[in-house]
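Asker: Got a structure here, written out as structure tokens. Questions coming.
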Amino acid sequence: MRAVIMHAPGDVRVENVDRPAIVEPTDAVIRLTAACICGSDLWPYRGIERLRRPTRMGHEYLGVVDEIGADVRDLAVGDLVVGSFVASDNTCEICEAGYQSRCVHQVMMGSIGTQADYARIPLADGTLVKVPGEPTPAQARSLLAASDVLGTGWFAAVAAEAGPGRTVAVVGDGAVGLLGILAARRLGAERIIAMSRHADRQALARRFGATDIVEERGEAGVQRIKELTGGYGAHSTIEAVGTQEAMEQAIHVTRPGGHVGFVGVSHGVQLDGLDLFFSSVHLHGGPAPVRRFLPELIDLIMTDQIDPGVVFDLELPIEDAAEGYRAMDERRATKVLLTV
Ligand SMILES: [Zn+2]
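Written out as structure tokens, the structure reads:
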């Protein structure tokens, strides 16, 4: 089967590898119906995250169950399923509390690689959620988005306590930030301020529910958001980048007592203790427990109440994965879908 393999920064190839087999009796093997490239795949692509060896890529997936292990109870061959970027048993105390992305038995799907024709899914009963009915092509794209970027944006909005009467600021205009806007809107936020400098992403931000756009960054961005909020700052802020600048921006645009939901994978972020102390904000984030939200997100998608799949603005056959990485790296594409 075909699989995307990163050999070095900027060096992505599609190669033939063995089809995965059942290893543990709780595994399933799925046939991917589509794959995609994540903003977080750009960290190793840009050499910011070190690759020790050629690495299989991809952690988002929508697929059809092709084979199940002897202990899989809740799934059958032929089921259409979505899961998150972390496989989880969904039964331990951490999972039961809603933090499946930190399950005591967690397996990072990025260590398996889902930019491929087939993928082995550990802890299949806990990880995979069955999709009812037959999705339209648009719904299928949205289901793929649910696997990570939508689920992550959703968690960021929940962690930031976006809701009625609240003003939400969103730092980061990649797919996660944009879908954080969609989530904040669905959760009833009154006002949503997107921080973005790109016309095409601003347009998508407005489509998903942003009421204001702020182009300024740094101290000027903080001042602009204070102006828009009566001098107070946002109640809720979504941080969807993971850099020092973005994390500081998020904390500084949030009013004392407000909430920051941070989901950008942290790279080299160091917070000043005294600055944090006097910010008086709640910080809650980490790898999003997408599995917690999947049943609700699948329902919203299959009933056409949300359309997160429109974040995919470039579709390529998996053979052209290298071009997909280039397009995202050069910001010519927000989110790339790979057809298999
Ligand atoms: Zn667990």
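All residue numbers for the sequence shown refer to the numbering used here, where the first residue is 4 and numbers rise by one. Glycine is no exception: its CB is placed at the ideal position from the N, C-alpha and C atoms. These figures come from a predicted structure and were not determined experimentally.
(1) For A163, I'd like the list of residues in its chain whose CB is within less than 7 Å of its CB, leaving aside the five on either flank, ordered along the chain.
(2) Regarding D92 and ligand 1, is the C-beta to nearest heavy atom distance less than 6 Å?
(3) Does the structure place the segment 300–308 close enough to the segment 133–151 that three or more beta carbon pairs sit under 8 Å?
(4) If you scan the segment 73–135 from start to end, which runs of the beta strand (DSSP E) of 3 or more residues do you find wholly inside it?
(5) Taking just the CA atoms, how far does A148 sit from L317?
(6) Since E63 and D151 should fall inside the 8 Å C-beta cutoff, what is the C-beta to C-beta distance between them, to a whole number of angstroms?
(7) With which residues is M9 paired in a DSSP beta bridge?
(8) Ignoring anything shorter than 4 residues, give me the alpha helix (DSSP H) runs that lie fully in the segment 236–262, in order along the chain.
(9) For R329, which of helix, strand or coil comes out of DSSP?
(10) Roughly how many angstroms lie between the CA atoms of L207 and G175, to the nearest whole one?
(11) In terms of DSSP beta bridges, what is D215 paired with?
(12) Going by the C-beta, is C98 closer than 6 Å to any heavy atom of ligand 1?
(13) Examine ligand 1 and report whether any of its heavy atoms sits within less than 6 Å of the Cβ of C39.
(14) Using a 10 Å radius around the Cβ and a threshold of 16 neighbouring Cβ atoms, would you call T139 buried or exposed?
(15) Unbroken beta strand (DSSP E) runs of length 3 or more, entirely within the segment 300–325: which are they?
(16) Mapping the DSSP letters down to three states, classify R209 as helix, strand or coil.
(17) Quick check on this structure: which residue in G212, Q247, R209, Q252 has the alpha carbon closest to the alpha carbon of K229?
(18) For V15, decide whether its Cβ has a neighbour in chain D, counting only Cβ atoms nearer than 7 Å.
(19) Would you kindly check if the distance between the Cβ of A122 and the Cβ of L78 is under 7 Å?
(20) Looking at the structure shown, is D151 part of a helix, part of a strand, or coil, going by DSSP?
Answerer: Concretely, from the data shown:
(1) Taking the first residue of the sequence shown as position 1, residue 163 is located at position 160. Take A163, set aside five residues on each side of it, and the residues of its chain with a beta-carbon closer than 7 Å to its own are V171, S239, T240, I241, H262, V263, G264, in chain order.
(2) Start at 1 with the first residue of the sequence shown, and residue 92 comes out as number 89. Checking the 6 Å criterion, the Cβ of D92 is within range of a heavy atom belonging to ligand 1.
(3) Flag = yes, the segment 133–151 and the segment 300–308 touch.
(4) Uninterrupted beta strand (DSSP E) stretches at least 3 residues long and entirely within the segment 73–135 occur at 83–85, 121–124, given in chain order.
(5) As a first step, residue 317 must be located in the sequence shown, where it is residue number 314. As a first step, residue 148 must be located in the sequence shown, where it is residue number 145. Each residue's Cα considered, the two are about 13 Å apart.
(6) On the sequence shown, residue 63 is found 60 positions in, with the first residue counted as 1. On the sequence shown, residue 151 is found 148 positions in, with the first residue counted as 1. That pair is a contact at about 4 Å.
(7) Here the question's residue 9 lines up with position 6 in the sequence shown. According to the DSSP secondary-structure assignment, M9 is paired through a beta bridge with V15, T58.
(8) Inside the segment 236–262, DSSP marks whole alpha helix (DSSP H) runs of 4 or more residues at positions 247–256, from first to last along the chain.
(9) In the sequence shown, residue 329 corresponds to position 326, counting from 1. Helix, per DSSP.
(10) On the sequence shown, position 204 is the one that residue 207 refers to. On the sequence shown, position 172 is the one that residue 175 refers to. When only Cα atoms are considered, L207 and G175 end up about 13 Å apart.
(11) In the sequence shown, counting from the first residue as 1, residue 215 sits at position 212. The partner list for D215 (beta bridge, DSSP) reads I196.
(12) Numbered from its first residue, the sequence shown carries residue 98 at position 95. Yes; taking the cut-off as 6 Å, the Cβ of C98 has a heavy atom of ligand 1 nearer than that.
(13) Indexing the sequence shown from 1 puts residue 39 at position 36. Look at C39: its beta carbon is at least 6 Å from all of the heavy atoms in ligand 1.
(14) One-based indexing of the sequence shown puts residue 139 at position 136. So T139 ends up on the exposed side.
(15) Restricting attention to beta strand (DSSP E) runs no shorter than 3 residues, the segment 300–325 encloses them at 317–320, ordered along the chain.
(16) Translated into positions along the sequence shown, residue 209 becomes position 206. Secondary structure of R209 (DSSP, three-state): helix.
(17) For the purposes of this step, residue 229 is taken as the residue at position 226 of the sequence shown. Answer by Cα proximity: Q252.
(18) No chain D is present in this structure, which holds just one protein chain.
(19) Within the sequence shown, residue 78 is the residue found at index 75, counting from 1. Within the sequence shown, residue 122 is the residue found at index 119, counting from 1. The Cβ atoms of L78 and A122 do not sit closer than 7 Å to each other.
(20) For the purposes of this step, residue 151 is taken as the residue at position 148 of the sequence shown. D151 sits in a helix when the DSSP states are folded into three classes.
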